[in-house]
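See below for the structure under consideration.
Protein chains: 2
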Amino acid sequence: MRTVCIIGVGMTMFGRFPQSNVIELGRTACLNAVRDAGVATKDIQVAYAGHARTGQLHNRECGVGQSILWELGISGIPVSSVGNFCSSGSTALREAWLAVGSGMYDMAFAIGVEKLTGREGKGRPLTSDGVELLTVMGFSPPVYFGNVLTRHMKEYGTTMEQLAMVAVKNRRNAGPNPRCQYKDPITVEEVIHSPVIVDPLTLLNCCPTTDGAAAAILCSKEVAGRYTNKPVEIAASALCSGPYEKCKDITSFGADRLAALNAYEYAGIGPEDIDLAEVHDCFTIAEIVHYEDFGFCKKGEGGRFVEEGMSGMEGKIPVSPSGGLMSRGHPIGATGLAQICESVWQLRGVAENQVRGAKVAFTHCAGGFQDTIELGDIQSSAVTILKRGW
Amino acid sequence: MRTVCIIGVGMTMFGRFPQSNVIELGRTACLNAVRDAGVATKDIQVAYAGHARTGQLHNRECGVGQSILWELGISGIPVSSVGNFCSSGSTALREAWLAVGSGMYDMAFAIGVEKLTGREGKGRPLTSDGVELLTVMGFSPPVYFGNVLTRHMKEYGTTMEQLAMVAVKNRRNAGPNPRCQYKDPITVEEVIHSPVIVDPLTLLNCCPTTDGAAAAILCSKEVAGRYTNKPVEIAASALCSGPYEKCKDITSFGADRLAALNAYEYAGIGPEDIDLAEVHDCFTIAEIVHYEDFGFCKKGEGGRFVEEGMSGMEGKIPVSPSGGLMSRGHPIGATGLAQICESVWQLRGVAENQVRGAKVAFTHCAGGFQDTIELGDIQSSAVTILKRGW
């Protein structure tokens, strides 16, 4: 498959916009991406729109991409909706990557959008799809990650202070980033003493409720040269469903390990080559588990990794330099492409919270739970590795 | 892009199965496809699940493919949900085609599934997504096609008898097909005098409410040779969003014309080469418009085309030899892949209602309405052309 580059990215502010709908949010992100790429809208040949829960939010499950693009004067081209829980945006990017990589299309739009506010009285409560009986019985993502945390503390001596350091670091990273929902600094004490959501997870250990959209324009490497001298290459885009091991260790996610392994192998890149990572820090404990699952540190050492500043801006691998889901917010389908936007800006050297000399960026989204929670793994994990194409 | 073949297909009976869920339906269709292809499930490397409205029906919008495949022992591979209104199944096929065509994967699963019964008290009424204000004001697909019909009658002299002949023909075709929801023959008189849904559209001019699933296994032409000496080639898979012309002629669909044009061009095949067509006969008038939009006959001559038997089993192009949506039923996301199943059987020469010597099959699904109905076009049209690969 031929090499595919990103030549333009755009996103909205992330925050609570109860008066906006997904089409307006998507239009803003797409327009920003078109301007960033400097392409004519007529040159875009195919598009994918990632969204996970829009059906309950805007009275539609299909046609989101068509409606967004029509407002930009783009019609007639193939447009599809893709959904994959919290990886929906990453899946849109991946399908655009395959479409251009195949040689069928030279330029593609990947769009991610979600609206989580303004749901009052509409549809069922927000929890992961695919977990029906267990939701009725009280299962929800915070419950699951609360269990992961308890186990991680017991097995590896991870502390609430280490957890809080993830939140503090990500909030500090968010400071200069205008697109983040929360930018004010917080302290370890504040995180630990914020209201308990699922013991021992407190409020500031959880990502917030957010609306937003993000988009990227992809093209073949050859075409990229016509528009920019700083094309960002997609070195790998791996997507895995859960391997669903029985009696598994809940402090590690098989789908994440597999997706990272596939991405490293395809890109010919290892954790030692990564200059920054935007991971799926939906909860602070998730970020700690991700350090371990992606080989940033050894198993069980995630707590120390953050405590010793290894994931900080001057550390071994700066993680969530944008502020992450914890500070930017997590509009489900938009997150994967927001990570791509932030990483592209890092590689171009123009991020507000810039990692010096960043050449390789690692991004990750994951979500969904298998019906049979005994199998205990996520249904979808996406890892994308970007690198400078110049 | 390299040539992609279909080596296995499978579907469920189509009908009303209020006690079944989408996962059970999907599992049956997939298992049938695996058996038909004679592949090992571990050889399947990527999967796409098409479904349009499952969110309201089974408490999930994502993870349908993952859950179906897990029950077949398939996990760890990339699995995505794709949605595109009534073209959702066709879109799943198309993404699988791109994934294999790109060279990234050798074998892919395309799955389509939907459940339309058992919706009582769950979610909003069944109408096309993307039409919010107009739905509140009374818009629905039968209203739209009722208008199309009235206009077609006025412009071209199309008669209720000609309309009814589509329903009668498709029901006759369904007779020997055990997978159809309705198989008993009907008469022109019965169609005309069935209850009025939207004047002048009567009940037997509309497709029924149906549950079902269908699936196909795709692989590269090279790999296909290991499993079968009758691989069916995907000669083209075109997908178009609506061109949304202003003040357009409502007796023709721009997205359909564009998708067919793109497919003919890519395949190097014209209407004169087609041995059979499975079109989106959601209403009898739709099938008549499709004859014209796809170049099976001249504009305005669709009524005469069916009256003169040109779309009959012994005609110029047998249309809906399987029974079509009118008789098989229309579980939204499943329909595109059901058309693929029926067409593969036709090309292999083993269909219950066989078109003699069929070498090239044309399939078509379309759906969705743009918010601004003034623009009056569908949001998604998919045309797939299959041909014998031997």
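Same order as they appear, the protein sequences are chains G and U.
First residue of the first sequence: -1, per this note's numbering; consecutive thereafter.
First residue of the second sequence: -1, per this note's numbering; consecutive thereafter.
Glycine residues also receive a C-beta, built at the ideal position from the N, C-alpha and C atoms.
Proximal residues to residue i (C-beta, below 6 Å), its chain only, five neighbours per side dropped
{"i": "proline 174 (chain U)", "result": "Glu350 and Asn351"}
{"i": "glutamate 290 (chain G)", "result": "Lys297 and Gly300"}
{"i": "threonine 282 (chain U)", "result": "Leu161, Val164, Ala165 and Asn203"}
Neighbourhood of residue i by C-beta distance below 8 Å, restricted to the same chain and skipping five residues each side
{"i": "serine 78 (chain U)", "result": "Ala45, Tyr46, Ala47, Gly63 and Glu93"}
Straight-line Cα distance separating residue j from residue i
{"i": "proline 329 (chain U)", "j": "threonine 26 (chain U)", "result": "15 Å"}
{"i": "glycine 121 (chain G)", "j": "phenylalanine 367 (chain U)", "result": "At glycine 121 (chain G), the pLDDT of 47 sits below 50, so the modelled position is not reliable and the matter cannot be decided from this model."}
{"i": "alanine 336 (chain U)", "j": "aspartate 197 (chain U)", "result": "30 Å"}
{"i": "serine 218 (chain G)", "j": "serine 88 (chain G)", "result": "18 Å"}
{"i": "glycine 110 (chain G)", "j": "proline 193 (chain U)", "result": "44 Å"}
{"i": "valine 348 (chain U)", "j": "alanine 222 (chain G)", "result": "48 Å"}
{"i": "lysine 228 (chain U)", "j": "tryptophan 388 (chain U)", "result": "6 Å"}
{"i": "serine 86 (chain U)", "j": "alanine 380 (chain U)", "result": "9 Å"}
{"i": "valine 186 (chain U)", "j": "glycine 313 (chain U)", "result": "19 Å"}
{"i": "glycine 74 (chain G)", "j": "alanine 212 (chain U)", "result": "27 Å"}
{"i": "asparagine 260 (chain G)", "j": "cysteine 238 (chain G)", "result": "9 Å"}
{"i": "valine 287 (chain G)", "j": "glycine 240 (chain G)", "result": "16 Å"}
{"i": "tryptophan 95 (chain U)", "j": "leucine 67 (chain G)", "result": "24 Å"}
{"i": "lysine 40 (chain U)", "j": "tyrosine 103 (chain U)", "result": "13 Å"}
Any C-beta of chain U under 8 Å from that of residue i
{"i": "serine 138 (chain G)", "result": "no"}
{"i": "leucine 114 (chain G)", "result": "no"}
{"i": "valine 32 (chain G)", "result": "no"}
{"i": "isoleucine 2 (chain G)", "result": "Per the sequence presented here, residue 2 (chain G) reads as valine, with isoleucine not at that position. Chain U, which has no Cβ nearer than 8 Å to the Cβ of valine 2 (chain G), makes this no."}
{"i": "proline 241 (chain G)", "result": "yes"}
{"i": "phenylalanine 15 (chain G)", "result": "no"}
{"i": "phenylalanine 392 (chain G)", "result": "There is no way to answer for residue 392 (chain G), as the model of chain G reaches only from -1 to 388."}
{"i": "glutamate 263 (chain G)", "result": "no"}
Beta-carbon proximity check, residue i vs residue j, cutoff 8 Å
{"i": "isoleucine 383 (chain G)", "j": "valine 358 (chain G)", "result": "yes"}
{"i": "glutamate 69 (chain U)", "j": "glycine 331 (chain U)", "result": "no"}
{"i": "alanine 265 (chain U)", "j": "alanine 233 (chain U)", "result": "yes"}
{"i": "leucine 216 (chain U)", "j": "cysteine 3 (chain U)", "result": "yes"}
{"i": "glutamate 276 (chain U)", "j": "serine 318 (chain U)", "result": "yes"}
{"i": "arginine 149 (chain G)", "j": "isoleucine 248 (chain G)", "result": "yes"}
{"i": "leucine 403 (chain U)", "j": "threonine 333 (chain U)", "result": "Within the shown structure, residues of chain U are numbered from -1 to 388, placing residue 403 (chain U) beyond reach of any answer."}
{"i": "arginine 177 (chain U)", "j": "phenylalanine 12 (chain U)", "result": "yes"}
{"i": "glycine 61 (chain U)", "j": "asparagine 30 (chain U)", "result": "no"}
{"i": "threonine 226 (chain U)", "j": "isoleucine 5 (chain U)", "result": "yes"}
{"i": "isoleucine 267 (chain G)", "j": "phenylalanine 294 (chain G)", "result": "no"}
{"i": "serine 235 (chain G)", "j": "glycine 99 (chain U)", "result": "no"}
{"i": "alanine 172 (chain U)", "j": "arginine 326 (chain U)", "result": "yes"}
{"i": "phenylalanine 15 (chain U)", "j": "threonine 115 (chain U)", "result": "yes"}
{"i": "isoleucine 376 (chain U)", "j": "threonine 361 (chain U)", "result": "no"}
{"i": "methionine 105 (chain G)", "j": "glutamine 43 (chain G)", "result": "yes"}
{"i": "serine 378 (chain U)", "j": "asparagine 82 (chain U)", "result": "yes"}
{"i": "glycine 321 (chain G)", "j": "threonine 10 (chain G)", "result": "no"}
{"i": "glycine 144 (chain G)", "j": "leucine 199 (chain G)", "result": "yes"}
Beta-carbon contacts of residue i that lie in its chain and below 7 Å, excluding the five residues immediately before and after
{"i": "isoleucine 195 (chain U)", "result": "Pro140, Leu201 and Cys204"}
{"i": "tyrosine 180 (chain G)", "result": "Arg169, Ala172, Pro206 and Ser325"}
{"i": "tryptophan 343 (chain G)", "result": "Ala349"}
{"i": "proline 76 (chain G)", "result": "Val44"}
Closer than 8 Å to chain G by CB, residue i
{"i": "tryptophan 68 (chain U)", "result": "yes"}
{"i": "methionine 151 (chain U)", "result": "no"}
{"i": "leucine 29 (chain U)", "result": "no"}
{"i": "methionine 105 (chain U)", "result": "no"}
{"i": "valine 80 (chain U)", "result": "yes"}
{"i": "glutamate 305 (chain U)", "result": "no"}
{"i": "proline 329 (chain U)", "result": "no"}
{"i": "valine 317 (chain U)", "result": "no"}
{"i": "isoleucine 75 (chain U)", "result": "yes"}
Simplified DSSP assignment, three categories, for residue i
{"i": "alanine 38 (chain G)", "result": "coil"}
{"i": "isoleucine 330 (chain U)", "result": "helix"}
{"i": "isoleucine 232 (chain G)", "result": "strand"}
{"i": "tyrosine 103 (chain U)", "result": "coil"}
{"i": "threonine 156 (chain G)", "result": "coil"}
{"i": "glutamate 112 (chain U)", "result": "strand"}
{"i": "leucine 23 (chain U)", "result": "helix"}
{"i": "arginine 354 (chain U)", "result": "coil"}
{"i": "glutamate 179 (chain G)", "result": "Checking the sequence, you will find glutamine at residue 179 (chain G) rather than glutamate. Three-state result, glutamine 179 (chain G): coil."}
{"i": "histidine 362 (chain U)", "result": "strand"}
{"i": "glutamate 391 (chain G)", "result": "This structure cannot speak to residue 391 (chain G), because chain G is shown only from -1 to 388."}
{"i": "tyrosine 242 (chain U)", "result": "coil"}
Heavy atom of the ligand ADP within 7 Å of residue i beta-carbon
{"i": "tryptophan 343 (chain U)", "result": "Here there are no bound small molecules, and the ligand ADP is not part of this structure."}
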